[in-house]
Amino acid sequence: MSEGKFGTSLSCIDGRIQIPLAKWIKETYSIDFVDVISEPGVDKKVVEGLDIDSIKHKIGISLTAHKSKLIVVSGHHDCAGNPVSKDVHISQIKKDVESISSWGLDAEVVGVWVDESWNINPV
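Rendered as structure tokens:
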């Protein structure tokens, strides 16, 4: 496999968040590459257990093949896949972090909110 340090981004499919999110992950955690697992409204999917086996499988590939030790789960402003308030997104992200952390993976799990200016805010 490729050399370098990997992180895993569990994010919405919205293309507006991908570059700022990857840049933040790389800079904040000294990561070389970011594996992106994207699903529409992923913060809602994880909290509600929708497509969870598929999401777990994809995370497993990133952790096993690329030795990722970081999972960043995010939600964002103006999400078409999960059109709820910022407060609901942040609540979902926090629950997602708890849930993913309980899976017994050898990785740090963090949650972030991507605001209307595409800034990344840890939750």
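In this note's numbering, each residue's number is its place in the sequence shown (first place is 1) plus 2. All residues carry an ideal CB built from backbone N, CA and C; glycine is no exception.
What do you reckon, are the CB atoms on Lys-96 and Gly-77 nearer than 8 Å?
no
Decide if Val-116 is buried, meaning its Cβ has at least 16 other Cβ atoms within 10 Å, or exposed.
buried
Hey, quick one: how far does the alpha helix (DSSP H) through Ile-95 stretch, first residue to last?
88-103
Can you tell me which of Gln-20, Ile-19, Val-49 puts its alpha carbon nearest to the alpha carbon of Glu-100?
Val-49
Need the endpoints of the beta strand (DSSP E) that Asp-37 sits in, please.
35-40
How long is the line joining the alpha carbons of Trp-105 and Glu-5, rounded to whole angstroms?
26 Å
Lys-25: buried (16+ other C-beta within 10 angstroms of its C-beta) or exposed?
exposed
Taking the C-alpha atoms as reference points, what is the distance between Glu-110 and Thr-10?
10 Å
Is the CB-CB distance between Ile-19 and Ser-13 below 8 Å?
yes
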